[in-house]
Amino acid sequence: MNTAFTRVLRVPATLLAVSGLVAFGLTGCATSEPEATDAAIVQTSNGFQISDAWIKATDTDMTGVFGTIRNTTDTDFTIVSASTEIAEMTELHETIVQSDGSSVMQEMAGGITVPAGEDFVLEPGGNHIMLMMLTEPILSGDEVAVTVTTDAGEQFEFVATAREYTGAQETYAPDSEHSGGSHEHEHDDEHSHDDEHSHDDEHGHE
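Read left to right, the sequence shown gives residues -23 to -1, 1 to 183 (mature numbering (1 follows the signal peptide of the UniProt record, and there is no 0)).
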(Lines of atoms letter the chains of each structure in order from A and count residues from 1; the text may use other names and numbers.)
(Lines give C-alpha, C1' and ligand atoms only; values in the text may rest on other atoms or scores of the structure.)
Protein backbone atom coordinates (compact mmCIF):
# COMPACT_ATOMS: atom_id res chain seq x y z
CA MET A 1 0.00 0.00 0.00
CA ASN A 2 1.33 3.43 -0.93
CA THR A 3 2.14 5.82 1.88
CA ALA A 4 1.93 9.58 1.87
CA PHE A 5 5.05 10.27 3.88
CA THR A 6 8.80 10.22 3.32
CA ARG A 7 10.96 8.01 5.54
CA VAL A 8 13.97 9.97 6.78
CA LEU A 9 17.11 7.99 7.60
CA ARG A 10 19.17 9.95 10.12
CA VAL A 11 19.11 13.35 8.43
CA PRO A 12 20.50 16.14 10.67
CA ALA A 13 18.02 18.93 11.31
CA THR A 14 20.43 21.46 9.80
CA LEU A 15 20.17 19.70 6.46
CA LEU A 16 16.41 19.94 6.39
CA ALA A 17 16.68 23.71 6.04
CA VAL A 18 19.47 23.93 3.44
CA SER A 19 19.20 27.11 1.39
CA GLY A 20 18.56 26.84 -2.33
CA LEU A 21 16.27 23.81 -2.19
CA VAL A 22 13.85 23.46 -5.08
CA ALA A 23 10.89 21.13 -4.69
CA PHE A 24 10.57 18.26 -7.12
CA GLY A 25 8.44 15.14 -7.69
CA LEU A 26 9.48 11.47 -7.89
CA THR A 27 7.81 8.53 -9.56
CA GLY A 28 7.78 5.15 -7.83
CA CYS A 29 8.26 2.61 -10.65
CA ALA A 30 11.43 0.61 -11.24
CA THR A 31 13.44 1.78 -14.24
CA SER A 32 16.81 1.46 -15.94
CA GLU A 33 17.02 5.24 -16.07
CA PRO A 34 17.09 7.58 -13.03
CA GLU A 35 13.61 8.88 -12.26
CA ALA A 36 12.90 12.24 -13.86
CA THR A 37 12.63 15.34 -11.70
CA ASP A 38 10.75 18.55 -12.32
CA ALA A 39 13.71 20.53 -11.04
CA ALA A 40 16.97 19.47 -9.43
CA ILE A 41 17.48 20.07 -5.72
CA VAL A 42 20.61 22.16 -5.16
CA GLN A 43 22.38 22.02 -1.79
CA THR A 44 25.20 24.45 -1.04
CA SER A 45 27.68 24.68 1.85
CA ASN A 46 30.79 26.89 1.93
CA GLY A 47 31.69 26.52 -1.74
CA PHE A 48 30.58 22.88 -2.02
CA GLN A 49 27.44 22.43 -4.09
CA ILE A 50 25.61 19.28 -5.13
CA SER A 51 22.54 19.11 -7.33
CA ASP A 52 20.06 16.26 -7.77
CA ALA A 53 21.70 14.07 -5.11
CA TRP A 54 20.12 10.62 -5.08
CA ILE A 55 20.77 7.11 -3.84
CA LYS A 56 19.75 3.80 -5.37
CA ALA A 57 16.95 2.14 -3.39
CA THR A 58 17.93 -1.39 -2.35
CA ASP A 59 17.26 -4.23 0.05
CA THR A 60 20.80 -5.63 -0.38
CA ASP A 61 23.90 -4.63 1.59
CA MET A 62 25.35 -2.19 -0.96
CA THR A 63 24.26 0.80 -3.04
CA GLY A 64 25.52 3.95 -4.76
CA VAL A 65 25.12 7.71 -4.28
CA PHE A 66 24.94 10.02 -7.29
CA GLY A 67 24.56 13.68 -8.22
CA THR A 68 26.52 16.59 -9.70
CA ILE A 69 29.13 18.22 -7.45
CA ARG A 70 30.12 21.80 -8.20
CA ASN A 71 33.05 23.76 -6.77
CA THR A 72 31.84 27.35 -6.44
CA THR A 73 35.15 28.61 -5.01
CA ASP A 74 38.30 29.82 -6.78
CA THR A 75 40.39 26.94 -5.38
CA ASP A 76 40.41 23.26 -6.34
CA PHE A 77 39.31 20.78 -3.69
CA THR A 78 39.67 17.01 -3.45
CA ILE A 79 37.16 14.76 -1.73
CA VAL A 80 39.09 11.92 -0.10
CA SER A 81 36.34 10.10 1.80
CA ALA A 82 32.62 9.87 2.46
CA SER A 83 30.51 8.51 5.30
CA THR A 84 26.93 7.89 6.35
CA GLU A 85 25.35 6.38 9.45
CA ILE A 86 23.53 3.68 7.48
CA ALA A 87 26.70 2.07 6.04
CA GLU A 88 29.64 0.53 7.86
CA MET A 89 31.95 1.12 4.89
CA THR A 90 31.98 3.85 2.25
CA GLU A 91 34.33 4.25 -0.72
CA LEU A 92 34.78 6.58 -3.68
CA HIS A 93 34.49 4.46 -6.83
CA GLU A 94 35.27 4.87 -10.50
CA THR A 95 34.11 2.70 -13.36
CA ILE A 96 36.57 1.63 -16.04
CA VAL A 97 35.85 -0.04 -19.39
CA GLN A 98 37.89 -3.15 -20.12
CA SER A 99 39.20 -4.27 -23.50
CA ASP A 100 36.21 -6.59 -23.95
CA GLY A 101 33.82 -3.68 -23.47
CA SER A 102 32.62 -4.70 -20.00
CA SER A 103 32.61 -2.20 -17.13
CA VAL A 104 34.22 -2.85 -13.75
CA MET A 105 34.28 -0.80 -10.56
CA GLN A 106 37.31 -0.03 -8.44
CA GLU A 107 38.19 2.32 -5.60
CA MET A 108 39.30 5.70 -6.90
CA ALA A 109 42.97 6.44 -6.23
CA GLY A 110 43.59 9.97 -4.96
CA GLY A 111 39.94 10.84 -4.41
CA ILE A 112 37.63 13.15 -6.37
CA THR A 113 39.24 16.42 -7.45
CA VAL A 114 36.81 19.17 -8.42
CA PRO A 115 38.56 22.13 -10.11
CA ALA A 116 37.54 25.66 -9.13
CA GLY A 117 34.30 26.67 -10.80
CA GLU A 118 33.75 23.27 -12.39
CA ASP A 119 31.47 20.24 -12.00
CA PHE A 120 32.10 16.58 -11.22
CA VAL A 121 29.34 14.13 -12.10
CA LEU A 122 28.52 11.06 -10.01
CA GLU A 123 26.35 8.72 -12.09
CA PRO A 124 25.38 5.06 -12.52
CA GLY A 125 27.94 3.35 -14.72
CA GLY A 126 30.50 6.05 -13.88
CA ASN A 127 32.06 7.66 -10.83
CA HIS A 128 30.01 7.35 -7.64
CA ILE A 129 30.05 7.06 -3.85
CA MET A 130 29.70 3.40 -2.85
CA LEU A 131 27.95 2.45 0.40
CA MET A 132 28.72 -1.04 1.67
CA MET A 133 27.57 -3.15 4.62
CA LEU A 134 24.28 -1.26 4.88
CA THR A 135 22.60 -1.48 8.27
CA GLU A 136 19.05 -1.29 6.90
CA PRO A 137 17.15 -1.40 3.58
CA ILE A 138 16.79 1.84 1.61
CA LEU A 139 13.30 2.39 0.24
CA SER A 140 12.28 4.67 -2.62
CA GLY A 141 11.66 8.13 -1.16
CA ASP A 142 13.98 7.68 1.83
CA GLU A 143 16.34 10.57 2.60
CA VAL A 144 19.90 9.66 3.54
CA ALA A 145 22.47 12.07 5.00
CA VAL A 146 25.97 11.77 3.50
CA THR A 147 29.15 13.53 4.66
CA VAL A 148 32.16 14.05 2.39
CA THR A 149 35.61 15.06 3.63
CA THR A 150 38.28 16.91 1.64
CA ASP A 151 42.06 16.57 1.81
CA ALA A 152 42.06 19.86 3.74
CA GLY A 153 39.86 18.34 6.44
CA GLU A 154 36.71 20.23 5.45
CA GLN A 155 33.44 18.35 5.76
CA PHE A 156 30.28 18.90 3.76
CA GLU A 157 26.92 17.24 4.37
CA PHE A 158 24.08 16.69 1.93
CA VAL A 159 20.89 14.65 1.67
CA ALA A 160 20.40 12.03 -1.05
CA THR A 161 16.86 10.88 -1.89
CA ALA A 162 16.35 7.20 -2.73
CA ARG A 163 15.04 6.21 -6.17
CA GLU A 164 14.32 2.92 -7.90
CA TYR A 165 16.97 2.11 -10.52
CA THR A 166 17.88 -1.14 -12.28
CA GLY A 167 20.63 -0.17 -14.73
CA ALA A 168 24.45 -0.10 -14.68
CA GLN A 169 25.23 -3.64 -13.53
CA GLU A 170 29.03 -3.41 -13.29
CA THR A 171 31.42 -5.90 -11.67
CA TYR A 172 34.46 -5.26 -9.51
CA ALA A 173 37.96 -5.11 -10.93
CA PRO A 174 39.74 -8.43 -10.11
CA ASP A 175 42.46 -6.77 -8.02
CA SER A 176 40.16 -4.48 -6.04
CA GLU A 177 39.74 -5.24 -2.34
CA HIS A 178 36.28 -5.16 -0.77
CA SER A 179 35.04 -6.70 2.43
CA GLY A 180 31.74 -7.14 4.23
CA GLY A 181 29.60 -9.14 1.83
CA SER A 182 30.49 -7.27 -1.34
CA HIS A 183 30.04 -10.45 -3.38
CA GLU A 184 26.31 -10.42 -2.75
CA HIS A 185 25.71 -7.01 -4.33
CA GLU A 186 23.95 -6.71 -7.65
CA HIS A 187 27.05 -5.05 -9.14
CA ASP A 188 29.07 -8.17 -8.35
CA ASP A 189 26.86 -11.09 -9.27
CA GLU A 190 29.20 -12.44 -11.95
CA HIS A 191 32.23 -12.10 -9.70
CA SER A 192 30.57 -13.93 -6.81
CA HIS A 193 29.45 -16.81 -9.02
CA ASP A 194 32.96 -17.15 -10.42
CA ASP A 195 34.38 -17.36 -6.89
CA GLU A 196 31.91 -20.07 -5.89
CA HIS A 197 32.64 -22.03 -9.06
CA SER A 198 36.40 -21.87 -8.55
CA HIS A 199 36.10 -23.06 -4.95
CA ASP A 200 33.88 -25.96 -6.01
CA ASP A 201 36.38 -26.97 -8.68
CA GLU A 202 39.26 -26.95 -6.20
CA HIS A 203 37.40 -29.14 -3.71
CA GLY A 204 36.08 -31.43 -6.42
CA HIS A 205 39.54 -32.22 -7.84
CA GLU A 206 41.35 -32.80 -4.55
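All C-beta atoms, glycine included, are put in the ideal place defined by N, C-alpha and C.
Annotation for Glu65: the continuous beta strand (DSSP E) segment containing it runs 64 to 74. Excluding its 5 nearest sequence neighbours in each direction, Phe43 has C-beta neighbours in its own chain below 6 Å: Trp31, Leu99, Glu100, His105, listed in chain order. Residue pairing by DSSP puts Glu84 in a beta bridge opposite His70.
Taken atom to atom, the span from the alpha-carbon of Ser28 to that of Val19 is near 4 Å. Collapsing the DSSP output to three states places Asn23 in coil. For Leu111, the enclosing beta strand (DSSP E) covers residues 105 to 111. Contact between the region 59 to 71 and the region 121 to 133 is present: three or more C-beta pairs spanning the two stretches fall below 8 Å. Within its own chain, the residues whose Cβ lies closer than 7 Å to the Cβ of Phe97, once the five positions on either side in sequence are excluded, are Ile46, Ile89, Val91, listed in chain order. Scanning Glu95, Ser79, Thr40, Ser58 for the CA closest to the CA of Ala129 turns up Ser58. In the structure shown, Glu134 adopts extended strand secondary structure according to DSSP, grouped into three states.
Taking the Cβ atoms as the reference, Thr138 lies roughly 6 Å from Glu120, within the contact range of under 8 Å. Rounded to the nearest whole angstrom, the CA to CA distance from Thr49 to Ser117 is 30 Å. With contacts defined as CB atoms closer than 8 Å, Glu65 and Met110 qualify as a contacting pair. Spatial neighbours of Gln132 in its own chain (CB-CB distance under 6 Å, excluding positions within 5 residues in sequence) are listed in chain order as Thr124, Thr126. Selection Gly103, Ser79, Asn23, Ile115 evaluated against Met85 yields Gly103 as nearest (Cα-Cα).
In the three-state DSSP reduction, Ser79 falls in the coil class, being neither helix nor strand.
Excluding five sequence positions before and after Gln75, the CB atoms of its chain that fall closer than 7 Å to its own CB belong to Val81, given in chain order.
In the displayed model, Ala34 falls within coil according to three-state DSSP, outside both helix and strand. Going by C-alpha positions, Thr37 is about 16 Å away from Thr61. For Leu116, the three-state secondary structure derived from DSSP is coil.
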